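Beneath this line is the structure, given in C-alpha cells, with notes to follow.
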Amino acid sequence: MAKLKAGVLISGRGSNLLSLLRACAEPDFPASVAVVVSSHADAAGLAHADRFGVPKTVISHRDYSNRESFDRAVSTVLESHGVELVCLAGFMRIFSPWFPTRWANRILNIHPSLLPSFKGLDVHQQAIDAGVRVSGATVHLVTPDLDAGPIVAQAAVPVHQGDTAEKLAARILAAEHELYPLVLRWFAEGRVRLEPVAGKIPRVVIDGVAPDAALLWRP
Ligand code: GAR
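In the working numbering, the protein residues as written are 1 to 219.
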C-alpha cells in the first residue's frame, strides 16, 4: 500500500524530526517524510533532512508581509511534494487562521506538556512553578486556537523534586520521540477518527488499538 506522505515543519534542533525520519526509514512503516520545511535557515534540524535524503526548504517570515502570505507559501511547498499530513515539530511560528483551516484535521503538533495544562511558551517552567507531579507531551490536531485542538495521544513523565526546566525538558523530550512516530503510524493506518461532541471540540478515537494505547507512561 502507498505510504502516507508527511511534511514536517521545524524551526530549530529537529530532534522530533529525527525521530520521525528514523521511524519512516523502517521498511514496514506506513508513512514517509516527503519534505522538511524550516522557518529558519540555520535550523540544526535541516541536517537531518540531508542525512535521510529528504528534500528541504527554508521559508523565512521576513520575506512575507503578513502571516497569511507566509502560510500560503508554506502550503504551496507542501502541496508541491504531495503532502497529505503536516507534522509540526518544534515549529515556532504562529499561523494565521488560514493554515489550520486549509489543512483541517490533517495537521498535528507536538507540545511538551499534558494539554490543556501549560499552553504557549516556557512550558517546563510553568509545570515546575505549578508544582505538578506529572507532566509530559501531547500530540494534538492543530486548529486556529493555539494548543487547543483535539488531543490524539499523550506521554506522561514524573516531575521530580528539584527538577530544573532543563531536566524536565530532557525527560519529556525522550517521551516525545516515542510518541510522535506512534501517532504518525496511526494516521497512516487510517485509525484516527474524530467523534463529534455537542458544543465541544471533537474527541479523537483511535480504532483497533488497546484502550490505553494513546497514553505512554514513562516513569
Ligand atoms: C519540543 O520539545 C517540542 O515539543 C516543542 O519544541 C521542542 C522542539 O524540539 N514544541 C513546542 O513547544 C511547540 N509549542 P526539537 O526541535 O528537538 O524537535
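The beta carbon of each residue, even a glycine, is placed where N, CA and C say it ideally should be. Remember, it's a predicted structure, so these values are computed and weren't measured experimentally.
Residue i - partner residues in DSSP beta bridges
{"i": "W217", "result": "A156"}
{"i": "A41", "result": "A41 is not bridged to any residue."}
{"i": "L194", "result": "V204"}
{"i": "P12", "result": "The sequence given here has Gly at residue 12, not Pro. Per DSSP, none; premise fails for G12."}
{"i": "H238", "result": "With the chain represented from 1 up to 219, any question about residue 238 goes unanswered, as that position is not in the structure."}
{"i": "G7", "result": "V35 and V86"}
{"i": "I151", "result": "H140"}
Straight-line Cα distance separating residue j from residue i
{"i": "A174", "j": "Y64", "result": "35 Å"}
{"i": "V74", "j": "G7", "result": "10 Å"}
{"i": "R22", "j": "S32", "result": "10 Å"}
{"i": "G14", "j": "A89", "result": "7 Å"}
{"i": "V204", "j": "L215", "result": "13 Å"}
{"i": "I10", "j": "P211", "result": "31 Å"}
{"i": "S143", "j": "P97", "result": "The sequence as given places Thr at residue 143; Ser does not occur at that position. Roughly 8 Å between the two C-alpha positions."}
{"i": "L85", "j": "R133", "result": "34 Å"}
{"i": "I201", "j": "P150", "result": "7 Å"}
{"i": "L46", "j": "C87", "result": "15 Å"}
{"i": "K56", "j": "A43", "result": "11 Å"}
{"i": "A213", "j": "R191", "result": "12 Å"}
{"i": "P181", "j": "F118", "result": "23 Å"}
{"i": "G162", "j": "S135", "result": "14 Å"}
{"i": "G131", "j": "V159", "result": "8 Å"}
Best match in the options for proximity to residue i [C-alpha to C-alpha]
{"i": "I94", "options": "G199, T76, S69 and H48", "result": "S69"}
{"i": "K3", "options": "G12, P144, A188 and I201", "result": "A188"}
{"i": "F52", "options": "G12, A213, C24 and R62", "result": "C24"}
{"i": "V183", "options": "V152, Q161, T101 and H61", "result": "V152"}
{"i": "D147", "options": "T101, P116 and H61", "result": "P116"}
Beta-carbon proximity check, residue i vs residue j, cutoff 8 Å
{"i": "Q154", "j": "A137", "result": "yes"}
{"i": "V139", "j": "L179", "result": "yes"}
{"i": "S80", "j": "I59", "result": "no"}
{"i": "V83", "j": "V35", "result": "yes"}
{"i": "L78", "j": "H48", "result": "no"}
{"i": "L194", "j": "N105", "result": "yes"}
{"i": "F99", "j": "D129", "result": "no"}
{"i": "I110", "j": "E26", "result": "no"}
Cβ-based burial, residue i [other Cβ within 10 Å; buried from 16]
{"i": "R171", "result": "buried"}
{"i": "G199", "result": "exposed"}
{"i": "W186", "result": "buried"}
{"i": "P196", "result": "exposed"}
{"i": "D145", "result": "exposed"}
{"i": "L121", "result": "exposed"}
{"i": "D28", "result": "exposed"}
{"i": "W217", "result": "exposed"}
{"i": "P219", "result": "exposed"}
{"i": "A127", "result": "buried"}
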